[in-house]
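Encoded as structure tokens, the structure appears first; notes follow it.
In our numbering, the protein residues as written are 1190 to 1473.
Rendered as structure tokens:
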């Protein structure tokens, strides 16, 4: 008589294992495939094999196998010698957003602020040295910068990034600061570690972040944090507008109260739907 199989230990969903390459549970092929997908950005929407290899740090042979596999699965297409992402890639994020009901919960609060000021209004999370947009209401006015769900931007030149990084653990702050000098998008972009460190301290002290001409010269924005029931900062929301419409002082006087009210409403919604906070934390 055979003995019963030993039950598998339950997976702890709250504290996933921190795997590194070489660990027995680390699937290197999967990691390489995801790295290839993430290499395509708004700055590099099409890439050759050699460009993908350079962007991911893979050998051309390894990059080729990953590209051909993703092409066979329908995530990547080819335009001559250049590769491009296909719409099927959107399905990878759609399940995440759908599981959170993020649009249903957050969008009405963002929409209200957007309609009141005719600004673009967004919610984003921190992902390393970038912010990732999870919800966005575009401005009805013409603004050169256009965000969208899934869009990524560096933390050092955005109000969302400052609001999030200011409340991040010191270890993560130092990891980002160690990457200085940062890319300059305009003459006003914070490019050195001391300037960013001072901006983070100012953001933490005043409870909000203002970005003025650091990403685009004619754009300014203000952001506030969003907290979970344990008072952890899990996201941030911001308003973006043109410098010709308002000054930094007026931006703070008018948008800050509205953003804080919207953040409080989102936090109340999170208390009613705690799985939303868990999903956001897992994504960041």
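In this text, a Cβ means the ideal position worked out from N, Cα and C, and glycines have one as well.
Just so we're clear, the structure is a prediction, and the values are computed from it rather than from any experiment.
If distances are taken between C-alpha atoms only, which option among the options comes closest to residue i?
i: residue 1269; options: 1278, 1434, 1236, 1437; result: 1236
i: residue 1342; options: 1363, 1327, 1362, 1320; result: 1320
i: residue 1372; options: 1230, 1260, 1346; result: 1346
i: residue 1375; options: 1445, 1401, 1256; result: 1401
i: residue 1172; options: 1273, 1395, 1217; result: The requested residue 1172 is not part of the displayed model; the chain covers only 1190 to 1473.
i: residue 1394; options: 1414, 1213, 1228, 1251; result: 1414
i: residue 1398; options: 1348, 1432, 1440; result: 1348
i: residue 1230; options: 1377, 1275, 1368, 1312; result: 1275
i: residue 1425; options: 1419, 1403, 1449; result: 1449
i: residue 1316; options: 1344, 1304, 1300; result: 1344
Sorted by chain position, which residues of the same chain lie with C-beta nearer than 6 Å to residue i's C-beta, five sequence neighbours on each side aside?
i: residue 1194; result: Legend: pLDDT at residue 1194 = 41, less than 50; position of this residue unreliable, value from coordinates given subsequently. Excluding sequence neighbours, residue 1194 sits near nothing in its chain.
i: residue 1302; result: 1310, 1447, 1451
i: residue 1444; result: 1411, 1428
i: residue 1369; result: 1381, 1382
i: residue 1258; result: none
Do you know how far the Cα of residue j is from the Cα of residue i?
i: residue 1209; j: residue 1242; result: 21 Å
i: residue 1306; j: residue 1409; result: 14 Å
i: residue 1362; j: residue 1355; result: 8 Å
i: residue 1282; j: residue 1421; result: 24 Å
i: residue 1279; j: residue 1364; result: 30 Å
i: residue 1428; j: residue 1220; result: 35 Å
i: residue 1490; j: residue 1262; result: This structure cannot speak to residue 1490, because the chain is shown only from 1190 to 1473.
i: residue 1314; j: residue 1297; result: 18 Å
i: residue 1392; j: residue 1318; result: 17 Å
i: residue 1458; j: residue 1417; result: 10 Å
i: residue 1461; j: residue 1217; result: 39 Å
i: residue 1223; j: residue 1438; result: 43 Å
i: residue 1423; j: residue 1383; result: 25 Å
i: residue 1267; j: residue 1234; result: 12 Å
i: residue 1433; j: residue 1440; result: 12 Å
i: residue 1265; j: residue 1256; result: 7 Å
i: residue 1271; j: residue 1403; result: 32 Å
i: residue 1228; j: residue 1323; result: 19 Å
i: residue 1358; j: residue 1326; result: 29 Å
i: residue 1295; j: residue 1277; result: 25 Å
i: residue 1482; j: residue 1248; result: Nothing can be reported for residue 1482, as the shown portion of the chain is limited to 1190 through 1473.
i: residue 1340; j: residue 1328; result: 16 Å
i: residue 1225; j: residue 1250; result: 13 Å
i: residue 1211; j: residue 1238; result: 25 Å
i: residue 1377; j: residue 1246; result: 32 Å
i: residue 1338; j: residue 1213; result: 34 Å
i: residue 1253; j: residue 1336; result: 31 Å
Where does residue i sit, in a helix, a strand or coil, going by DSSP?
i: residue 1392; result: helix
i: residue 1239; result: helix
i: residue 1312; result: strand
i: residue 1387; result: helix
i: residue 1245; result: helix
i: residue 1345; result: helix
i: residue 1333; result: Low confidence applies here, because residue 1333 scores a pLDDT of 49, under 50, leaving its location unreliable and the question unanswered by this model.
i: residue 1431; result: strand
i: residue 1420; result: coil
i: residue 1407; result: coil
Near residue i, what residues of its chain come up, given a Cβ to Cβ distance below 7 Å and the 5 sequence neighbours on each side ignored?
i: residue 1388; result: 1351, 1379
i: residue 1456; result: 1415, 1416
Give me, in chain order, the residues of the same chain whose beta-carbon lies closer than 8 Å to that of residue i; leave out the 5 immediate sequence neighbours on both sides.
i: residue 1333; result: With a pLDDT of 49 at residue 1333, under the threshold of 50, the predicted position of this residue should be treated as unreliable, though the coordinate-derived value follows. Closer than 8 Å at Cβ, skipping near neighbours: 1405, 1407, 1408.
i: residue 1453; result: none
i: residue 1308; result: 1302, 1328, 1428, 1429, 1430, 1444
Looking at residue i and the ligand PLP, is the gap between the Cβ and the nearest heavy atom below 8 Å?
i: residue 1422; result: With respect to small molecules bound, the structure shown includes none, and the ligand PLP cannot be examined in it.
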